[in-house]
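Reading through the structure tokens given below for one structure.
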Amino acid sequence: NHGYVELTITPEYGHLLAPNYLHIWPRSDFMMIALPNSDHSWTVTLFMPFKQFEQLDHRDQLMSFFNKLFPDIVPLIGEEQLVEHFFKIKPSALMYVKCSKFH
């Protein structure tokens, strides 16, 4: 019942995170990660239950959520970009593949 959305830290602010590392912000039943890209931008992925995504349906709710739980990431993504991208995309479902132990 978890999904994810991808956000971006542009190269302009990418230097503010330690490069060449996976950054993880774990929370109770959700988390956010940031992966560095070769152009010095970062791909930021928020993994969360779909029910929580549905509750973030207004700008004020979204910003309250991020400012409370991920305050250090807001200035890196930028409030306007965060709001624009978050509401432009629908959360995607997480998928898994189960393989035989012999493969």
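In the numbering used here, the protein residues as written are -6 to 96. Positions of the beta carbon are idealized from the N, C-alpha and C atoms, including for glycine.
Beta carbon of residue i nearer than 8 Å to that of residue j
i: Y89; j: F40; result: no
i: P4; j: H33; result: yes
i: H78; j: L0; result: yes
i: F63; j: W18; result: yes
Coil, strand or helix - residue i by DSSP
i: H16; result: strand
i: P64; result: coil
i: P42; result: strand
i: V(-2); result: strand
i: L28; result: strand
Burial state of residue i, where buried means 16 or more other Cβ atoms lie within 10 Å
i: P84; result: buried
i: I82; result: exposed
i: F59; result: buried
i: A86; result: exposed
i: A27; result: buried
i: L75; result: buried
i: V49; result: Reading off the sequence shown, one finds Leu at residue 49, where the question assumed Val. Buried is the call here.
For residue i, the residue or residues it bridges with in DSSP
i: S85; result: Y(-3)
i: T36; result: T1 and L28
Neighbourhood of residue i by C-beta distance below 6 Å, restricted to the same chain and skipping five residues each side
i: T38; result: Y(-3), E(-1) and I26
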